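Quick note: the sequence shown uses this note's numbering, first residue 17, plus one each step.
Every residue, glycine too, gets a C-beta built ideally from N, C-alpha and C.
Just so we're clear, the structure is a prediction, and the values are computed from it rather than from any experiment.
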Amino acid sequence: MLSHIQAKLLIVDDLPENLLALEALIKREDRAVFKALSADEALSLLLQHEFAMAILDVQMPGMNGFELAELMRSTERTKNIPIVFVSAAGRELNYAFKGYESGAVDFLHKPLDIHAVKSKVNVFVDLYRQRKAMKAQVEALEQSRQEQEALLNQLQSTQNELERAVRMRDDFMSIVSHEVRTPLNGLILETQLRKLHLAKDNMAAFTLEKLRAMVDRDERQIQSLIRLIEDMLDVSRIRTGKLSIRTNPFDLVELVSKLLENFSAQIAAAGSTVSFFADEPVIGVWDEFRIEQVVANLLTNALRYGARKPIEVRVYSEGGQALVDVQDQGIGVSLENQKRIFQQFERVTANHAVHGLGLGLFISDQIVAAHGGKIMVESEEGKGSLFRICLPL
Ligand code: ADP
């Protein structure tokens, strides 16, 4: 059954006729017999091959069989090879082989008994094959154990990812419902109040002045709902790879300057100021609407997290890139959180008092990446943040 495992046998004797006779005795199709006429020759063969056993003539000129065996025992590679000594006389057999306390050893006497030789060789070859087969099995077992372990690790990390995804979905649902409810509650309250006034025929509540304020309030609530829905649509567009970029040439300085004008009410409401710095036009080919969205997002964040301190906005070009810096002196972002905030639904926990879905930076980052650019952040907690949009010119 194990005969497919090739067994190499080493026979060492200084007389060629002895070697030939022994070879004829032990040779079989499933064995390879290697002959050595001296201990030196044997050693060089031992270095080249892995032997199932060695049959050593005890009496040899130069190094004798026992000395060769001692040398074999002292070498890691050969120390476990079973040895059979062939000796001419009983005297030698009393020789206690010193280096041979452990490991298989046996003796054969001259003249050789054919049956004894064959059966001894059979035993050692069988032992060798069994050992080899066992080693292969142990190795296969170890490999399958390693494969199982890798699979288990993979499973564990998939489970962690799934758990994280479920947690993120739950968090997201609660944030979304909260974010939707805030403007809706405002609208509902307004409507109920107006109904009450109407029921009482209280036309004084609907003067031109008051109507204007009402419409403004309604518009703000509706705008915030629209933004929420737009953000969620953008995320789904990004996920399905359908975020489209429609480019045309425009001046980034002009875009940012107009945006800041539109933001004046929000800047005042946030109790902050924004200084704008730009020396010359920075013209490039990008998606005007999307880039405005990104700058607006960074500006909104600077107002939200800027601790009412002055904000600086810069537009300039450098090294073949168009750059927009939005710098605040607010709460800042720790190094650890700087990596997180660009992922979807990621917010810094301590900031939960401030509304937001944690989508703005994710969407902005994806938009800028779709232009072949990137957003960088430099920040220190408590000292403020610099968000920089880099776009290829
Ligand atoms: P949102 O502001 O809606 O939560 P964003 O994706 O725009 O979502 O921002 C993710 C998080 O990054 C914010 O919740 C906030 O914790 C942090 N962050 C963004 N901009 C700033 C900033 N200028 N200063 C401090 N923290 C910021």
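Pick from the options that is closest to residue i, judged by C-alpha positions
i, options, result
"residue 133", "167, 25, 350", "25"
"residue 187", "70, 362, 394, 407", "362"
"residue 262", "268, 225, 70, 302", "302"
"residue 67", "102, 31, 27", "27"
"residue 147", "34, 97, 73", "97"
Residue i Cβ short of 6 Å to the ligand NAD heavy atom set
i, result
"residue 66", "Ligands in the displayed structure: the ligand ADP; the ligand NAD is not one of them."
Any non-hydrogen atom of the ligand ADP within 6 Å of residue i CB
i, result
"residue 192", "no"
"residue 332", "no"
"residue 344", "yes"
"residue 373", "yes"
"residue 318", "yes"
"residue 398", "no"
"residue 161", "no"
"residue 233", "no"
"residue 242", "no"
"residue 259", "no"
N-terminal and C-terminal residue of the alpha helix (DSSP H) that residue i is part of
i, result
"residue 281", "280–285"
"residue 8", "With the chain running from 17 to 409 in the structure shown, residue 8 is simply not present."
"residue 380", "376–386"
"residue 355", "351–356"
"residue 60", "55–64"
Three-state secondary structure (DSSP) of residue i
i, result
"residue 137", "helix"
"residue 301", "strand"
"residue 364", "coil"
"residue 183", "helix"
"residue 188", "helix"
"residue 142", "helix"
"residue 395", "strand"
"residue 130", "helix"
"residue 340", "strand"
"residue 69", "strand"
Range of the contiguous beta strand (DSSP E) that encloses residue i
i, result
"residue 226", "Premise fails: residue 226 lies in the alpha helix (DSSP H), 224–255, not in any beta strand (DSSP E)."
"residue 407", "400–408"
"residue 264", "264–267"
"residue 327", "327–334"
Interface flag, residue i vs chain D, CB-CB below 7 Å
i, result
"residue 192", "The chain inventory of the structure shown lacks chain D, comprising one protein chain alone."
Review point. Taking three-plus beta-carbon pairs below 8 Å as touching, is the segment 273–289 in contact with the segment 230–241?
Key: no
Review point. On the three-pair Cβ rule with 8 Å, is the segment 288–301 touching the segment 247–256?
Key: no
Practice item. Inspect the CB distances between the segment 217–225 and the segment 181–196 and report whether three or more fall short of 8 Å. Key: no
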